[in-house]
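Chains as they are written, first to last, in my numbering: chain F, 1 to 122; chain C, 123 to 244; chain H, 245 to 366; chain R, 367 to 488.
Have a look at the structure below, then the notes.
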DNA sequence: GTGGTCTAGACCACC
DNA sequence: GTGGTCTAGACCACA
């Protein structure tokens, strides 16, 4: 996995996992890779994964069983979606619209670029 | 002024100044506050303002005259707008659309919230 | 059975069993479930139950007869009560009172909540 | 500072600090020792203090300013008291009463030992 | 100087 | 084998 420089690796991994849960790539109740496994897979230090998992656990997205491993929580998808939507509407969208306002970009101006980008994502 | 922790204070101040120039709150050719003045006004270390001004100067948005102060460049508005638009379309919008995609939010879903936010900004 | 993460599962099971003995849910001289049975009932690894039983045996609360199983000791109730009382007065109560002190809670403040909780337990 | 073995050092330090804030030993709005300072004072690794501070920050008890340090939040006392009281009444007291019930200890039985312990704390 | 983060390696309790 | 925690040391951005 490649990482950006603007955000901590641990948080990027946590985001990546929550997206994989949201899209169903990782199933509910499924055991996720052990700290050491994922560390090797991602090419980072195990401590970094520990912090990623701690972040997700504090949001009740995953839970752990001593000596066994981490599991995706039952309502993980719901929690992630709510959390992300809240961030989107309360934080990102207002900032986004502020930019639009400053730059004189209207809602209509976004139609074409957004639909183009959405196509590319698929 | 209040600052976020995710971005450097100097850059936040530079953004703030460029927005004030773009909206006309600071006029073209006008002398902007001295480093020390602005430092007091913003409640930060003068060194931080120095870096903010250096950032703006490197983008040719302001220029300095030794012993006199910093002045807004003639075509500051144009430069800022271009720079910001480029950032908006190349960086922010793609990330924004990615979020929409993940959360299942369509272009149409944004119509109401965007128009509401635009009203509030005025 | 549900387990807390702060304490070993084996010890939590040992506590649970000793409470069942103390309240008479498991009778004196009675044979307690086999390691494998209890492991299935509790949903844990048999090794964990082995450690739970070892813990109880080391306190002379249960004893085993090879090839037959584990039995509750004659004076199990007395032993458990003494052991628990000692822990209660020497360890838990002092810490409990420290908390009261810090939070400004008096002995009298506890009268109502304690009597309410005692009712619910019955 | 001496540490127990039952709980992580980082959490013990966080608890210690919150008690010092609660009792007024550390004042509101006051700057608390830097990560490195406290690490030396406590005789632990700076990373451990980082985790202590992160714990307190996640509870909005302290806040940080980049490159300057950590400060006690305005309503830190209130937050700590609420948080602790909630834990006390919802978690510790019920468990405490459960123990009392099992051991046949009544509310009245606690009067003397509690008042003795309270005296010692002063 | 400050905090933030990552790596490396160790030891522990637990299953 | 699993996670939890601590130490040690490094580099970064920031004030």
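Built from N, CA and C at the ideal position, the CB exists for glycine as well.
Query: Which runs of the alpha helix (DSSP H) fall wholly inside the segment 5-62 of chain F and span at least 4 residues, in chain order?; Result: 9-22, 35-42, 46-58
Query: Taking only the alpha-carbon atoms, compute the straight-line gap between residue 337 of chain H and residue 383 of chain R and give it to the nearest angstrom.; Result: 23 Å
Query: List the residues of chain F whose Cβ lies closer than 7 Å to the Cβ of residue 125 of chain C, in chain order.; Result: Going along chain F, no residue has its Cβ under 7 Å from residue 125 of chain C, so there is no contact; the nearest lies around 15 Å.
Query: Report the residues of the segment 331-346 of chain H with a CB closer than 8 Å to any CB of chain R, ordered along the chain.; Result: 332, 333, 336, 337, 338, 340, 341, 342, 343, 344, 345, 346
Query: Hey, how far is the Cα of residue 29 of chain F from the Cα of residue 182 of chain C?; Result: 55 Å
Query: Under 7 Å Cβ-Cβ, which residues of chain C neighbour residue 113 of chain F?; Result: 211, 215
Query: Name the chain F residues whose beta carbon is nearer than 9 Å to that of residue 206 of chain C?; Result: 99, 102, 103
Query: When you compare the segment 432-451 of chain R with the segment 371-387 of chain R, are there three or more beta-carbon pairs, one atom per stretch, that lie closer than 8 Å?; Result: yes
Query: Return the chain-ordered list of same chain residues with a C-beta closer than 8 Å to the C-beta of residue 179 of chain C, the five sequence neighbours on each side being excluded.; Result: 185, 186, 192
Query: Note down, in chain order, all residues in the segment 371-389 of chain R with a beta-carbon under 8 Å from any beta-carbon belonging to chain C.; Result: none
Query: Would you mind working out which of C/239, C/223, C/225 sits nearest residue 107 of chain F, comparing C-alpha positions?; Result: C/239
Query: Whose Cβ in chain H lies nearer than 7 Å to the Cβ of residue 422 of chain R?; Result: In chain order: nothing, as chain H lies at least about 16 Å away.
Query: Mind listing the chain F neighbours of residue 160 of chain C? Cutoff is C-beta to C-beta under 7 Å, in chain order.; Result: Those do not exist, as residue 160 of chain C stays about 21 Å from chain F at its closest Cβ, beyond 7 Å.
Query: Between C/177, C/157, C/163, which has its C-alpha nearest residue 169 of chain C's C-alpha?; Result: C/157
Query: Less than 7 Å between C-beta atoms, sequence neighbours within five positions excluded: which residues of the same chain meet that for residue 81 of chain F?; Result: 22
Query: Helix, strand or coil: how does DSSP classify residue 340 of chain H here?; Result: helix
Query: From residue 349 of chain H to residue 478 of chain R, what distance separates their C-alpha atoms?; Result: 16 Å
Query: Can you name the start and end residues of the beta strand (DSSP E) that residue 435 of chain R belongs to?; Result: 435-438
Query: So, under 8 Å CB-CB, residue 135 of chain C and residue 194 of chain C are touching, yes? Tell me the CB distance rounded to an integer number of Å.; Result: Not confirmed; about 15 Å, so no contact.
Query: Using a 10 Å radius around the Cβ and a threshold of 16 neighbouring Cβ atoms, would you call residue 466 of chain R buried or exposed?; Result: buried
Query: Using a Cβ cut-off of 7 Å, which residues of the segment 413-442 of chain R contact any Cβ in chain H, in chain order?; Result: none
Query: Quick one: list the residues of chain R neighbouring residue 365 of chain H, beta-carbon separation under 8 Å, in chain order.; Result: 463, 464, 467
Query: Buried or exposed: where does residue 375 of chain R fall if 16 or more other Cβ atoms within 10 Å of its Cβ makes it buried?; Result: buried
Query: Does any C-beta atom of chain H lie closer than 8 Å to the C-beta of residue 444 of chain R?; Result: no
Query: So what does residue 65 of chain F bridge to, in DSSP terms?; Result: F/69
Query: Whole angstroms is fine: what's the gap from residue 475 of chain R's alpha carbon to residue 334 of chain H's?; Result: 15 Å
Query: Starting from residue 470 of chain R, trace the alpha helix (DSSP H) in both directions and tell me its first and last residue.; Result: Run containing residue 470 of chain R: none; DSSP gives neither H nor E here.
Query: If we define contact as Cβ-Cβ less than 8 Å, is residue 447 of chain R a contact residue for chain H?; Result: yes
Query: May I ask which residues mark the beginning and end of the alpha helix (DSSP H) holding residue 82 of chain F?; Result: 76-87
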